[in-house]
Structures are given as C-alpha cells and as structure tokens.
Amino acid sequence: RRGGIGGGGAGGRGGRSPGRGAMALRLYTYPNGANAMKALIAAEFSGAAIELPPFEMGVTNKTPDFLKLNPRGKVPTLELPCGRGVFESNAIARYVARVNGGGGAALFGANAREYAATEQWLDFAQNEVGSNVGAWLWPLYGFRAYDAQAEAKAKATLKKALQVVEKVLSKQDFLVGGALTLADIVMCCTLLNAFQSLFDETFRKDIPSITKYFERCAKLPQFRKHMGEVVLCKKTMPKQ
Numbered sequence: 032r033r034g035g036i037g038g039g040g041a042g043g044r045g046g047r048s049p050g051r052g053a054m055a056l057r058l059y060t061y062p063n064g065a066n067a068m069k070a071l072i073a074a075e076f077s078g079a080a081i082e083l084p085p086f087e088m089g090v091t092n093k094t095p096d097f098l099k100l101n102p103r104g105k106v107p108t109l110e111l112p113c114g115r116g117v118f119e120s121n122a123i124a125r126y127v128a129r130v131n132g133g134g135g136a137a138l139f140g141a142n143a144r145e146y147a148a149t150e151q152w153l154d155f156a157q158n159e160v161g162s163n164v165g166a167w168l169w170p171l172y173g174f175r176a177y178d179a180q181a182e183a184k185a186k187a188t189l190k191k192a193l194q195v196v197e198k199v200l201s202k203q204d205f206l207v208g209g210a211l212t213l214a215d216i217v218m219c220c221t222l223l224n225a226f227q228s229l230f231d232e233t234f235r236k237d238i239p240s241i242t243k244y245f246e247r248c249a250k251l252p253q254f255r256k257h258m259g260e261v262v263l264c265k266k267t268m269p270k271q
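With our numbering, the residue at position 122 of the sequence shown is 153, and numbering never jumps.
And the structure:
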C-alpha cells in the first residue's frame with residue numbers, strides 16, 4: 032500500500048531521494064517541526080529515503096488510515112513500505128538511522144560503550160531537557176495554561192539538566208566523544224525552539240559550551256538543510 036494518506040498542504044521530499052527501485056519512508060508532520068527534524072537529519076547521514084506527503088493538521092491525522100498508523104493521531108508519524116506505522120520522534124529517528132543497511136551505523140557509536148552512551152543521551156534529551164523546554168515554552172505560545180510557578184520550576188529543572196550537558200561539552204566536541212551520533216541530532220533538535228525563543232543572551236552565558244556546540248551542529252549541511260539559518264533569540268519571547 033503506497034498510495035499514502037491524503038490531506039491538504041504542500042508535500043515534499045526530505046532526506047535522500049529514493050534510489051532506483053527503492054521505496055521511500057513516508058513521514059507525516061507539519062512544516063518545520065523540530066521533532067520531525069530528528070529523523071530528517073538522521074536520514075541525511077544514513078542515506079534513508081524519506082518522503083513528506085501532503086499533511087493538514089486536524090484533518091489528515093484524524094482519518095481512519097492515519098489512525099491505523101498512530102492511534103493517538105499525533106505527528107511525527109512514520110509510514111513504512113509495508114504500511115505499518117512508527118510513532119514517537121526518537122523511535123522514528125532510531126529507525127531511520129538503522130534502516131538503510133548500516134549507512135547510519137556510525138550514528139550509534141563505534142562500540143558497545145558508545146552505543147549505550149548514545150542511548151543514554153537520547154533518553155536524557157527527551158526526559159530531562161525536552162520535557163522542561165516544553166513546560167516552559169508551550170504555555171508562552173498558549174498551547175497550555177500559563178502558570179508562573181510551573182514556569183519557574185521548569186526553568187530551574189532545565190538549568191540543572193543543562194549543566195550536566197554543559198560539563199560534558201566543555202571537555203569534548205560531541206555528547207558521546209569525538210564524533211557526531213544520533214544523540215547529537217536529537218539533542219540539537221530538542222534545543223532548537225529553546226535557542227530560537229527562550230535562551231536569551233543572559234541565559235546563554237551559563238551554557239557557553241552548549242551554545243557553541245549547537246551553533247556548530249546547526250551549520251553542518253545535513254542540519255542546515257532542514258533547520259535553515261538558525262538565529263538565536265536576543266530576548267525570551269513574551270507570553271502570547
């Protein structure tokens with residue numbers, strides 16, 4: 032079943048173009064979604080072919096066909112050539128990094144220790160960093176009810192988590208060591224909205240190594256293709 036799921040909006044193609052006879056993976060997402068970028072950037076390194084079919088939030092993701100792929104109706108959701116779905120952005124990124132016959136093997140490190148470290152930072156990015164970025168950012172956008180105490184707690188917890196990352200990156204170029212892994216892709220995507228909307232010049236003074244690391248990764252062609260030209264915010268965005 033390769034007809035995919037219909038919907039409004041502009042379609043496109045991300046990652047590498049399918050080779051002759053190859054079937055692309057289909058990634059359903061809204062434009063410029065940082066969670067979807069995890070898989071799109073991973074595909075640039077692994078060589079996996081990904082298509083971005085037409086998608087309209089609130090329409091496409093409510094259709095019976097889409098709900099067969101992801102019963103929760105959320106994006107990003109990946110449709111495999113067999114017609115099955117994979118959801119949760121880190122799981123999708125892991126799949127894309129592995130699917131193309133070892134093309135993305137280096138994204139999981141060079142040995143068992145580096146593989147474990149990669150997985151460790153994938154979990155840390157989601158549970159310690161991403162959850163608190165969301166708790167701070169989404170109420171400012173109006174996606175959740177704003178609560179000043181909850182915001183202060185999220186910022187404090189996030190700062191503690193970032194200091195763990197800062198200490199590591201003050202001594203090495205990437206999270207796992209001297210080479211980029213999937214952990215770096217996921218961490219940078221997790222931090223994208225924060226650097227664009229939350230981490231102002233004052234905040235960044237406490238995370239100089241993370242800031243240099245993020246800017247260095249964002250300038251790589253595989254990142255820039257999907258992130259575009261990233262501009263760090265001067266002031267934290269106000270509540271909308």
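The beta carbon of each residue, even a glycine, is placed where N, CA and C say it ideally should be.
May I ask you to list the residues that DSSP assigns as paired with Tyr59?
For Tyr59, which the question treats as bridged, DSSP gives the partners Thr108.
Looking at the structure shown, is Gly161 part of a helix, part of a strand, or coil, going by DSSP?
Three-state result, Gly161: helix.
Kindly indicate the opening and closing residues of the beta strand (DSSP E) around Glu82.
Looking at the DSSP string, the run of the beta strand (DSSP E) that includes Glu82 is 80-83.
Can you confirm whether the stretch 103-121 touches the stretch 55-70 when touching is taken to mean that 3 or more C-beta pairs between the two stretches lie within less than 8 Å?
Taking a cut-off of 8 Å on C-beta distances, the stretch 55-70 touches the stretch 103-121, as three or more cross pairs fall below it.
Residues that DSSP places opposite Phe205 in a beta bridge
DSSP, once it has assigned bridges, lists no residue as partnering Phe205.
Please name the residue in Gly165, Lys198, Leu193 whose C-alpha comes closest to that of Ser228.
Taking only the C-alpha atoms, the option nearest Ser228 is Gly165.
Ala70: which of Ala179, Gly89, Met218 sits nearest, CA to CA?
It is Met218.
N- and C-terminal bounds of the alpha helix (DSSP H) containing Val117:
Unbroken run through Val117 is the beta strand (DSSP E), 116-118; no alpha helix (DSSP H).
CA-to-CA distance, Ala80 to Leu138, given in whole angstroms:
Cα to Cα, Leu138 sits roughly 17 Å from Ala80.
Got a sec? Which residues, its chain only, sit under 7 Å from Arg175 by beta carbon, not counting five neighbours each side?
So the list reads Trp169, once near-sequence residues are dropped.
With DSSP as the reference, label Phe226 as helix, strand or coil.
DSSP places Phe226 in the helix class (H, G or I) of the three-state scheme.
On the CB-based measure, 16 or more other CB atoms within 10 Å of its CB, does Ser201 come out buried or exposed?
Counting C-beta atoms within 10 angstroms of its own C-beta, Ser201 has fewer than 16 neighbours from the protein chains shown and is therefore classed as exposed.
Thinking Glu145 and Gln253 are a contact (beta carbons under 8 Å), I'd like their distance in whole angstroms, please.
That pair is no contact at about 20 Å.
Roughly how many whole angstroms lie between the Cα atoms of Phe97 and Glu110?
Spanning the two alpha carbons is a distance of roughly 9 Å.
Which same chain residues end up closer than 6 Å to Val160 when comparing Cβ atoms and leaving out the 5 residues on each side of it in sequence?
The beta carbon of Val160 sits closer than 6 Å to those of Ala192, Thr221, all from its chain and outside the five residues before and after it, given in chain order.
Determine the DSSP secondary structure at Val217, reduced to helix, strand or coil.
Of the three classes helix, strand and coil, the one that applies to Val217 here is helix, per DSSP.
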